[in-house]
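Count the first sequence with full-length UniProt numbering and you get residues 1 to 990, in order.
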Amino acid sequence: MIRAMSTQDPASALSPDDHLILVDGSTFIFRAYHALPPLTRKSDGLPVGAVAGFCNMLWKLLQEGLTPEEGDEPTHMAVIFDHSSKTFRSEIYPEYKAQRPEPPEDLIPQFGLIREATRAFCVHSIEQEGFEADDLIATYARSAAAHGARVTIVSGDKDLMQLIGPRVGMIDTMKNKIFGEPEVFEKFGVGPDKVIEVQALAGDSVDNVPGVPGIGLKTAALLINEFGDLDTLLAKADTIKQKKRRENLIEFAEQARISKQLVTLKDDVPVALPASALAVTDLDGARAVAFLKALEFSTLTRRVGETTGADIAAIEPAELVIKGWHEPDAKGRQMDNGRTPAGTAAAADPDGGAGGWQPQTVADAAAEAAKAAPVDASGYETVTDTDRLSAWIAEAAETGYVAVDTETTSLEAMQADLVGVSLATAPGRACYIPLGHVDGDGDLLGGGGLIAGQIPLTEALALLKPMLEDPGILKIAQNLKYDWLVLQRYGIEVGPHDDTMLLSYALDAGIGGNGMDALSERWLGHTPIPFKEVAGSGKSMITFDKVPIETAAAYAAEDADVTLRLWQVLKPRLAAERMTTVYERLERPMVPVLAKMEARGIAIDRQMLSRLSGDFAQGMARLEAEIHELAGEPFNVGSPKQLGDILFGKMGLPGGKKTKTGAWSTSASVLDDLAAEGHELPARIVEWRQLSKLKSTYSDALPGFVNPETGRVHTSYSLAATTTGRLSSSEPNLQNIPVRTEAGRKIRKAFIAEKGNKLLSADYSQIELRVLAHMADIEQLKQAFADGLDIHAMTASEMFGVPIEGMDPMVRRRAKAINFGIIYGISAFGLAAQLGISRGEASDYIKTYFERFPGIRDYMEETKAFVHAHGYVTTIFGRRAHYPEVNTKNPNMRAFYERAAINAPIQGSAADILRRAMIRMDERLAASKLNARMLLQVHDELIFEVPEAEVDATISLVRDVMESAAEPAVRLSVPLQVDARAADNWDEAH
DNA sequence: CCTGCCCCATA
DNA sequence: GTATGGGGCAGGA
1 MIRAMSTQDP ASALSPDDHL ILVDGSTFIF RAYHALPPLT RKSDGLPVGA
51 VAGFCNMLWK LLQEGLTPEE GDEPTHMAVI FDHSSKTFRS EIYPEYKAQR
101 PEPPEDLIPQ FGLIREATRA FCVHSIEQEG FEADDLIATY ARSAAAHGAR
151 VTIVSGDKDL MQLIGPRVGM IDTMKNKIFG EPEVFEKFGV GPDKVIEVQA
201 LAGDSVDNVP GVPGIGLKTA ALLINEFGDL DTLLAKADTI KQKKRRENLI
251 EFAEQARISK QLVTLKDDVP VALPASALAV TDLDGARAVA FLKALEFSTL
301 TRRVGETTGA DIAAIEPAEL VIKGWHEPDA KGRQMDNGRT PAGTAAAADP
351 DGGAGGWQPQ TVADAAAEAA KAAPVDASGY ETVTDTDRLS AWIAEAAETG
401 YVAVDTETTS LEAMQADLVG VSLATAPGRA CYIPLGHVDG DGDLLGGGGL
451 IAGQIPLTEA LALLKPMLED PGILKIAQNL KYDWLVLQRY GIEVGPHDDT
501 MLLSYALDAG IGGNGMDALS ERWLGHTPIP FKEVAGSGKS MITFDKVPIE
551 TAAAYAAEDA DVTLRLWQVL KPRLAAERMT TVYERLERPM VPVLAKMEAR
601 GIAIDRQMLS RLSGDFAQGM ARLEAEIHEL AGEPFNVGSP KQLGDILFGK
651 MGLPGGKKTK TGAWSTSASV LDDLAAEGHE LPARIVEWRQ LSKLKSTYSD
701 ALPGFVNPET GRVHTSYSLA ATTTGRLSSS EPNLQNIPVR TEAGRKIRKA
751 FIAEKGNKLL SADYSQIELR VLAHMADIEQ LKQAFADGLD IHAMTASEMF
801 GVPIEGMDPM VRRRAKAINF GIIYGISAFG LAAQLGISRG EASDYIKTYF
851 ERFPGIRDYM EETKAFVHAH GYVTTIFGRR AHYPEVNTKN PNMRAFYERA
901 AINAPIQGSA ADILRRAMIR MDERLAASKL NARMLLQVHD ELIFEVPEAE
951 VDATISLVRD VMESAAEPAV RLSVPLQVDA RAADNWDEAH
């Protein structure tokens, strides 16, 4: 409804000195709601999380303005809301926002409260029937800017980005992000003036704006940049080269035009109030306090009281008008009391039978007891004083073991702050010690204070430290490396320990996950409280210190409880299944070794990387122009789909492989083949992809991983991610730093040693082939390694009967591919693909190879038979890799598992050898008074940081430790050889 | 905002 | 042919 009386110039009285702030109230409500824990409620149960977030935001805005800078305070301000969902847009396109779900039930009463809050802070609250908040914002913003005033929109909504301009800025207070033209360009690939054109093409599934099928943001930006605007593009749609795209643009032209109308904000809404009426007025402290008091926002009430001088005690809480809320009549939850904590499963009576204490019997009893006793929170305690904490510590000492779990603010152990610790001493008997919970009272903008009633951190740590370091008390954790690192940063070095994740990994690698949730399901039949239920997920996730203590306690104590129960199930299995040695010698000792490596981190040269990013970007731009030229039209080079259309559609090149969804593959091998036939375009694409990869994955990303405290990059190693026993590295992955190409090695050069030090790289030469020679007992191979021969040349010589001297490099290359193929469980198909030869030829090679080395074929056949019979294979140190699906009837899958099973003992044994070297390394270095620090592991390579003066001594010690790593457990029948070198950076050391 | 797909970096 | 982790794109929630 438009009222005729109020059609005045909305900004008539604004001048260039004015600063108008327009707060997008509607989106704020939803985002605050999702960002906050669902449990934020007033004492009578009224949900107020979004209101709390809103009040904090508004208060901060009024106090500090948008930025800490002087003179940034607003002169005019309003909060704008949607009135109802029906707007003129639904008349153009009935489906617009039609699929929007109803707002969640506990949000409904908060809509009115947020409007009340706005008024309580003496800020104008504006809404108008028939128009979205965005239209009102557009109207005020455009008009104010036209009068020269400055406008700041407080929102994170991309739909408002079309308004950004020289005088109109946008700030997302929830993410502390300022949006200007560069940010718009980054998001949409065009400036603010073209945003609606791009949105019209790409559509928006959230708002149900249809757009044109098959066109996403990237392609839309490309098209708009070429044609200028939507109308021109649609008019010239028939000139588009890609068939599908052209057809879609023509067929859905009208839909695109409608979409543009939908996304275009209406900036001439006849508003009821002129902007001049939005002038900021003095805050009425008493009114604000009364409102905040009614909502029980104690922290904010106090702050507002202090700032405005209002007498909090004297002010009565305001009367709240609440719509859409009915107080529940009874508490929904009840405790299942009267149940005694479950007994200790592992100590369960073995039926008294003679064979009762057999390891297997104990293990079975433990597993059954674990499933039988349900996980139950009634025995959990929240520890808030030192007496109770001491009592728990005493109990741990008495029991001799304790499950420990730390709760922190981050998944990255190197920058996680301790929030709490949970302990468990028996199934169902667990506690949570909150230490760093802050007032999460909707305080989105930080600054929440420590919640009262928690034991001071230093006091608690002083009590916990002796227990955690006590050699007489076994500490049990799930993924201990994480807790170990966190606690180490608080000066605690965890003493003797078990890790349930590693127990599971030693016993069951290859069978399902080893995460706590998976293990709990598998062994206890219990689903632990999901983390996202406690802290949310995705963008709206809160850090654990903001989780209310009661919620946190239930979650954290359960984790300790579950960990303890898992330990009782898994530990007895070690003996029963003869895996004790693997666990104790290859798994458990890795925890402190890796934790220390991660804590050390490695230095990178950020300047060098930044320069590289620039170089790569230049190269990409140059190539992109060339590529578009060659293609005869612009397209998104990064889109395999679009590239395929160009190459195999438009240009009519012969397609090679297909992807598993049936599209033509544009992989490097396909492009290389095309390039070899003399086609320019594929060659340029390969070059572009290389630069793109180096830039996005390495030179752009790595600096973001530099820890602000240490100035170094700390990767995280996973001990239980692979089936074979290898480690994996992530965030960032430092096990895939480029090395093959010249451009790639520039990245490697950016990994540097600290001043006065060198980086030392020591890697095993051909360790997997040596392991294979040993395991399969191949005389010629063993002899060749003993003689220090070039193993690939020797293989070629054996196979093709040519002398090693003066060998054709192509012949050696073929032999090398076969050797690798053997390690990977060779197939004619794979070898043919690798060498670019026919399946028949590849078959012949394999046949010849097996004739020359029959022992290898025997080994492979035996391994296959073993895995089919047992469902697992073993390394030379007894580690098991399980393949439970190997007996599947699907011949392709079956062959795949067989190859994996052939590879696992080879890859896994090599991994075990390096683990043994790593476990011994620090002690050996210390014994030789060397100060080298082991930093990284890359499957067959270790990287150290070494004081310059100690380089030579360190090289010989490292080489000795690595080359003798298998001993004394295994006496290898081939020598291990380690190449080592030191330099200023990783590239030159490698 | 999440997921699957494709592609690609390493051993 | 083995083992990983990760980035960009596009589509569907």
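Idealized CB from N, CA, C, for every residue including glycine.
Out of the options, which has the shortest C-alpha to C-alpha gap to residue i?
i, options, result
"His147", "Lys571, Leu674, Ser15, Arg489", "Ser15"
"Ala815", "Phe850, Ala786, Asp787, Gly788", "Phe850"
"Leu734", "Ser761, Leu936, Leu976, Leu570", "Leu936"
"Lys273", "Val184, Gly830, Gln128, Val402", "Per the sequence shown, residue 273 should be read as Leu rather than Lys. Considering only alpha carbons, the answer is Gln128."
"Glu861", "Ile837, Ala901, His497", "Ala901"
"Ile913", "His868, Ala881, Glu963, Leu564", "Glu963"
"Arg578", "Gln358, Asn479, Met170", "Gln358"
"Asp405", "Pro471, Val494, Ala966, Gln454", "Val494"
"Thr281", "His76, Gly655, Ala895", "His76"
Going by DSSP, what residue range makes up the beta strand (DSSP E) through residue i?
i, result
"Leu759", "757 to 764"
"Arg933", "933 to 937"
"His497", "497 to 499"
"residue 998", "The displayed coordinates of the chain run from 1 to 990. Any statement about residue 998 would go beyond what the structure contains."
Would you tell me roughly how many angstroms separate the C-alpha atoms of residue i and residue j, rounded to the nearest one?
i, j, result
"Ala413", "Leu485", "6 angstroms"
"Glu296", "Pro317", "9 angstroms"
"Leu300", "Ala133", "27 angstroms"
"Asn887", "Ala865", "11 angstroms"
"Lys371", "Trp523", "7 angstroms"
"Asp984", "Pro968", "35 angstroms"
"Glu469", "Gly436", "22 angstroms"
"Ala786", "Asp777", "13 angstroms"
"Ala535", "Asp559", "15 angstroms"
"Arg142", "Ile171", "17 angstroms"
"Ile224", "Lys86", "31 angstroms"
"Lys889", "Pro496", "46 angstroms"
Please confirm whether residue i and residue j have their CB atoms less than 8 angstroms apart.
i, j, result
"Gln110", "Ala200", "no"
"Ile196", "Lys260", "yes"
"Ala256", "Arg246", "no"
"Leu594", "Tyr583", "no"
"Val154", "Ala145", "no"
"Arg852", "Met799", "yes"
"Leu719", "Glu598", "no"
"residue 1000", "Gly725", "Residue 1000 is absent from the model: the chain starts at 1 and stops at 990."
"Thr795", "Asn819", "yes"
"Lys758", "Val951", "yes"
"Leu283", "Leu107", "no"
"Ala910", "Val771", "yes"
"Gly513", "Thr723", "no"
"Ser761", "Ala603", "no"
"Gln690", "Thr563", "no"
For residue i, list the residues DSSP reports as bridge partners.
i, result
"residue 1060", "The question about residue 1060 has no answer here: the residues shown for the chain are numbered 1 through 990."
"Lys408", "Note on identity: in this sequence residue 408 is Thr, with Lys being the wrong assignment. Answer by DSSP bridge pairing, in chain order: Leu418."
"Phe944", "Leu760, Met934"
"Gly130", "Thr87"
"Arg41", "Pro47"
"Glu381", "Cys431"
"Thr874", "Arg880"
"Phe179", "Met170"
"Thr152", "Ile21, Gly169"
In terms of residue numbering, what span does the alpha helix (DSSP H) encompassing residue i cover?
i, result
"Phe291", "285 to 294"
"Lys660", "Run containing Lys660: none; DSSP gives neither H nor E here."
"His870", "854 to 870"
"Glu533", "531 to 535"
Going by the C-beta, is residue i closer than 7 angstroms to any heavy atom of the ligand ADP?
i, result
"Ser613", "Of ligands this structure carries none, so the ligand ADP is not represented either."
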